[in-house]
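Residues in the sequence shown are numbered from 1130 upward in steps of one, following the working numbering.
Where a beta carbon is used, it is the ideal one built from N, C-alpha and C, also for glycine.
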Amino acid sequence: MIADNDGVRFLQWCLPRLHLRWEGFRKVRRQVYKRINRRLVELGLCDVEAYRDYLNTHPEEWERLDAFCRIGISRFYRDRRVFERLEREIIPDLARVALSRGERELRGWSAGCAGGEEAYTVALLYHYRLAQQFPTLCLQIIATDVDPAAIRRAERGCFANSSLKELPPEWRLRAFNRVGNELCLKEEYRSTVTFMVQDIRECAPEGCFHLIFCRNLVFTYFDEALQRIATERIAKRLVPGGALVVGKGESIPDGSWGMKPWLPTLGMFRKLPKGEETESEHCSSG
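(1) Specify whether the region 1229-1241 and the region 1340-1350 touch according to this definition: at least 3 beta carbon pairs, one from each stretch, less than 8 Å apart.
(2) Is it buried or exposed, ALA1132, if we count other Cβ atoms within 10 angstroms and call 16 or more buried?
(3) So for ASP1274, helix, strand or coil by DSSP?
(4) Contact defined as beta carbons within less than 8 Å: I believe LEU1293 pairs with LEU1312. What is the distance between those atoms, to the nearest angstrom?
(5) In this structure, does DSSP put GLU1408 in helix, strand or coil?
(6) Which same chain residues, not among the five before or five after GLU1295, have their C-beta less than 8 Å away from its C-beta?
(7) DSSP on VAL1322, reduced to helix/strand/coil?
(8) So the candidates are GLY1153, LEU1147, VAL1161, ASP1352; which of them puts its Cα closest to the Cα of ASP1135?
(9) Express the C-alpha separation of GLU1284 and THR1250 in angstroms, rounding to a whole number.
(10) Less than 7 Å between C-beta atoms, sequence neighbours within five positions excluded: which residues of the same chain meet that for ALA1279?
(11) Determine which residues share a DSSP beta bridge with VAL1157 and list them.
(12) Below 7 Å CB to CB, which residues in the same chain sit around LEU1174 once its five sequence neighbours on both sides are set aside?
Have a look at this one:
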């Protein structure tokens, strides 16, 4: 197993080359060690210094190392206060604005969706708590992740009990069927979410969104240059008055993004409204 001192030195060397922040990996570094250790065994290398030499002579290996540094920790209803405020304030406000513009669809994007828990939580929240208030407005969510295996798990929609422990019990009973040791989300809820393999460092889904989640990814693990690229990409996808939700301990980099804090202690920002002008003039799908 990789000794911690050796692992820290190696990560502090390689992460900046991947445009990632060492500070974001302090608490999860041992997950990365385990993945690298398996790779050392595959390659017959004795330690991370040998792997460093290997990277210097095999540039294609950096793509594999980048995959080792993907942290996909997620669960349903993660950070209860965030979802409570989404239910009571944020989503109803977004829905009323959408209806005032004559829209019939509330669009969300979950970036770095991992196994889909976040996107599915929003789908359940809207179905059980808000849909009756806005019967003419349907919810559609695009969920993206760079990891194809994560997207396959998300599309399957089956989860361990531990992933649902924070979900309201009545939702768990009504929305899931037990299949062996897993709880599988019923199709009527899964159909609200469309999953895509996509890397936010390179692109974003087409169209404009009223609500974007980008929690515990860009603003934890990416370096400042990548954060700024991703923030600009996100801002272009938000409709005027739309909401961005980042992690509770995260913040977006300083810049002219056209966003202001909404509930900053919960990582919520709002794109500045543009009067009565149409979203197509202020939200770029390119």
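Reading it off the structure:
(1) yes
(2) Taking the first residue of the sequence shown as position 1, residue 1132 is located at position 3. So ALA1132 counts as exposed.
(3) Counting from 1 along the sequence shown, the entry for residue 1274 is found at position 145. The answer is strand: DSSP assigns ASP1274 an E or B state.
(4) Along the sequence shown, read from residue 1 onward, the residue named residue 1293 stands at position 164. Along the sequence shown, read from residue 1 onward, the residue named residue 1312 stands at position 183. So it is a contact: roughly 6 Å between Cβ atoms.
(5) For this step, residue 1408 is matched to residue 279 along the sequence shown. Low per-residue confidence applies at GLU1408: pLDDT is 42, beneath 50, and the placement is therefore not dependable enough to give any value.
(6) Here residue 1295 corresponds to residue number 166 of the sequence shown, with the count starting at 1. Taken in chain order, the residues that qualify are ARG1204, PHE1205, TYR1206, ARG1207, ARG1209.
(7) Translated into positions along the sequence shown, residue 1322 becomes position 193. Looking at VAL1322 - three-state DSSP - the assignment turns out to be strand.
(8) The residue labelled residue 1135 in the question sits at position 6 within the sequence shown. Nearest of GLY1153, LEU1147, VAL1161, ASP1352 to ASP1135, Cα basis: VAL1161.
(9) Within the sequence shown, the letter at position 121 stands for residue 1250. Within the sequence shown, the letter at position 155 stands for residue 1284. Their Cα atoms are separated by approximately 14 Å.
(10) Counting from 1 along the sequence shown, the entry for residue 1279 is found at position 150. Contacts found: GLY1201, ALA1243, GLY1244.
(11) Here residue 1157 refers to the residue found at position 28 when the sequence shown is read from its first residue. Answer is none; VAL1157 lacks a bridge partner.
(12) Mapped onto the sequence shown, residue 1174 falls at position 45. Counting only Cβ-Cβ distances below 7 Å, and skipping sequence neighbours, we find TYR1180, TYR1183.
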